[in-house]
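Participant: First residue of the sequence shown: 1, per this note's numbering; consecutive thereafter.
Cβ atoms here follow ideal geometry from the backbone N, Cα and C, with glycine treated the same way.
Nothing here was measured: the structure is a model prediction, and the numbers come from that model.
There's a structure below that I have some questions on.
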Amino acid sequence: MTVHEAAVPATEHPHGAPRTAAAFRAVYGAAPEGVWAAPGRVNLIGEHTDYNDGFVMPLALPHTTIAAASARPDGVLRLHSGGAEGGVVELRVDDLRPASGGGWAAYPAGIAWAMREAGLPVGGADLHFDSTVPTGAGLSSSAALEVVTALALNDLYALGLEPLRLARLAQRAENAFVGVPCGIMDQTAAACCTPGHALFLDARDLSLRQVPFDLAGEGLRLLVVDTRVKHELGDGAYAERRAGCERGARALGVSALREVPHALLPEALPKLAGEPVVQDLVRHIVTENHRVEEVVARLDAGDTRAIGPLLTEGHRSLRDDFKISCVELDLAVDTAVAAGALGARMTGGGFGGSAVVLVEEADAQRVTDAVTTAFAAAGHTAPRIFTAVPGAGACRLA
Ligand code: GLA
1 MTVHEAAVPA
11 TEHPHGAPRT
21 AAAFRAVYGA
31 APEGVWAAPG
41 RVNLIGEHTD
51 YNDGFVMPLA
61 LPHTTIAAAS
71 ARPDGVLRLH
81 SGGAEGGVVE
91 LRVDDLRPAS
101 GGGWAAYPAG
111 IAWAMREAGL
121 PVGGADLHFD
131 STVPTGAGLS
141 SSAALEVVTA
151 LALNDLYALG
161 LEPLRLARLA
171 QRAENAFVGV
181 PCGIMDQTAA
191 ACCTPGHALF
201 LDARDLSLRQ
211 VPFDLAGEGL
221 RLLVVDTRVK
231 HELGDGAYAE
241 RRAGCERGAR
251 ALGVSALREV
261 PHALLPEALP
271 KLAGEPVVQD
281 LVRHIVTENH
291 RVEEVVARLD
301 AGDTRAIGPL
311 LTEGHRSLRD
321 DFKISCVELD
331 LAVDTAVAAG
341 ALGARMTGGG
351 FGGSAVVLVE
361 EADAQRVTDA
371 VTTAFAAAGH
381 TAPRIFTAVP
391 GAGACRLA
């Protein structure tokens, strides 16, 4: 299914397209040529594996970033966001250079830059954005912004690019223009997810499979607990982990940690004895890739409940080996599991953001209450808890 065919029921964007089109008209004085949407995501399992050429399994949220846009013949790029201060950002596509745009506008500007760098005939445009994807919550608001821009420019300039190509351009924009060394998971999720499925992605060759993930039909729920602790991918810790993984791969003589088979981990780890930090990073990546494959196998076997313990194991690995959890994420996971959840783990880059919790439908309220109470008792900001229903990838709305 291409992005263009991935129609989203209008109910998932209540009034979204008309409201965003009206906002565009108010800002730019004319109706937009079109309106597009791209979702945020949660990752079910497979954390920090993408830049190790490994496996990930995200699903799209119903939360979306919507763009209303028109092409401009004069090479001017105008960007406006309903959620940001500061009015219209005006740039010239010819002048775009990495790190030349600041703040939120760097993401859409980076897309125009990456497309032109790739030799694609992209000119100016007017864009207005509205979003329901929480920012700083580990739910990939930046990838939603990038991918919706990429899809809008793709259509406005009739580029005919496939969703995966748009995802790669979006990653290129984030890596080289914005300066965040992220992997390919979030952009692929925003471009390629389909309703009712989790996306099993091999980050090495970008082959992907839509795995049915109909929790409601099985009496289950996936809760998202946004801890309200803002994570910041650009703060250096992400890049540090990535560099540590690359060091581990070099020390083991492989081009990426994905090549270390789980069964050979006991042989590989002693080779890293002189570098305990790298040893821990490698242990996480190799066991995490294995957990993703196990989750897929259990879902394929129709045994959804059996993925719970793998989620919780994954959290322990991220906490103890990869060392990217925080007290609020640990509290959310520990409390949810103690209150009867089937499994729980932090999701996304770490150091804050959100956790995912797999629960029986009948236990959802009890688990939600337990987490809320535990946060209050610990003096933390109240978490935002909602149910993730696997939604659609990027598409044109109007
Ligand atoms: C962020 C990055 C992704 C991925 C995750 C961790 O979301 O953008 O590429 O590395 O962290 O799994």
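(1) Can you tell me where the alpha helix (DSSP H) with VAL356 in it begins and where it stops?
(2) Please report the Cβ distance between VAL42 and PRO58, rounded to the nearest whole angstrom; I am assuming they are in contact, meaning their Cβ atoms lie under 8 Å.
(3) Quick check: does the Cβ of GLU162 come within less than 7 Å of any heavy atom belonging to the ligand GLA?
(4) May I ask you to verify whether the stretch 84-97 touches the stretch 218-238, counting CB pairs closer than 8 Å and requiring at least 3?
(5) With hydrogens ignored, establish whether the beta-carbon of GLU47 is closer than 7 Å to any heavy atom of the ligand GLA.
(6) Looking at the structure shown, is GLY82 part of a helix, part of a strand, or coil, going by DSSP?
(7) With DSSP as the reference, label PHE200 as helix, strand or coil.
(8) With distances taken from CA atoms, which of GLU146, ALA364, ALA355 is nearest ASP130?
(9) Three or more C-beta pairs closer than 8 Å, one from the stretch 65-74 and one from the stretch 120-130: is that the case here?
(10) Compare the C-alpha of ALA256 against each of ARG242, PRO266, GLU267, GLU162 and name the closest.
(11) For the alpha helix (DSSP H) containing GLY427, name the first residue and the last one.
(12) Specify whether the stretch 269-283 and the stretch 376-396 touch according to this definition: at least 3 beta carbon pairs, one from each stretch, less than 8 Å apart.
(13) Which same chain residues end up closer than 6 Å to PRO32 when comparing Cβ atoms and leaving out the 5 residues on each side of it in sequence?
(14) Assuming VAL357 and VAL225 make a contact with CB atoms under 8 Å, what is their CB distance in whole Å?
(15) Identify whether ALA388 lies in helix, strand or coil by the three-state DSSP scheme.
(16) Please state the DSSP three-state secondary structure of ARG97.
(17) Rounded to a whole number of angstroms, what is the C-alpha to C-alpha distance between VAL3 and PRO276?
(18) What's the gap between the Cα of GLU12 and the Cα of SER140?
(19) Using the three-state DSSP reduction, which class does GLY217 fall into: helix, strand or coil?
Facilitator: Straight from the coordinates:
(1) DSSP places VAL356 outside any alpha helix (DSSP H); the residue lies instead in the beta strand (DSSP E), whose first and last residues are 354-360.
(2) With a Cβ gap of about 7 Å, VAL42 and PRO58 count as contacting.
(3) Not one heavy atom of the ligand GLA falls within 7 Å of the beta-carbon of GLU162.
(4) Contact fails: fewer than three Cβ-Cβ distances are below 8 Å.
(5) GLU47 has its CB nearer than 7 Å to a heavy atom of the ligand GLA.
(6) Note: GLY82 maps to coil in three-state DSSP.
(7) DSSP places PHE200 in strand when its eight states are reduced to three.
(8) Among GLU146, ALA364, ALA355, the Cα nearest to that of ASP130 belongs to GLU146.
(9) Contact between the stretch 65-74 and the stretch 120-130 is present: three or more C-beta pairs spanning the two stretches fall below 8 Å.
(10) The option with the nearest alpha carbon to ALA256 is ARG242.
(11) Since the first residue shown for the chain is 1 and the last is 398, residue 427 is missing from the structure and cannot be characterised.
(12) Not touching, per the Cβ criterion.
(13) Excluding positions up to five away in sequence, the list reads ALA21, PHE24, ALA68, ALA69, SER70.
(14) Indeed, because the Cβ distance is near 6 Å, the residues count as touching under 8 Å.
(15) Correct three-state label for ALA388: coil.
(16) Judged by DSSP in its simplified three-state form, ARG97 adopts coil rather than helix or strand.
(17) With a pLDDT of 31 at VAL3, under the threshold of 50, the predicted position of this residue should be treated as unreliable, though the coordinate-derived value follows. For VAL3 and PRO276, the distance between alpha carbons rounds to 44 Å.
(18) Its pLDDT being 47, under 50, GLU12 is placed unreliably in this model, and the value from its coordinates should be taken loosely. Looking at the two C-alpha atoms, the distance is approximately 18 Å.
(19) Of the three classes helix, strand and coil, the one that applies to GLY217 here is helix, per DSSP.
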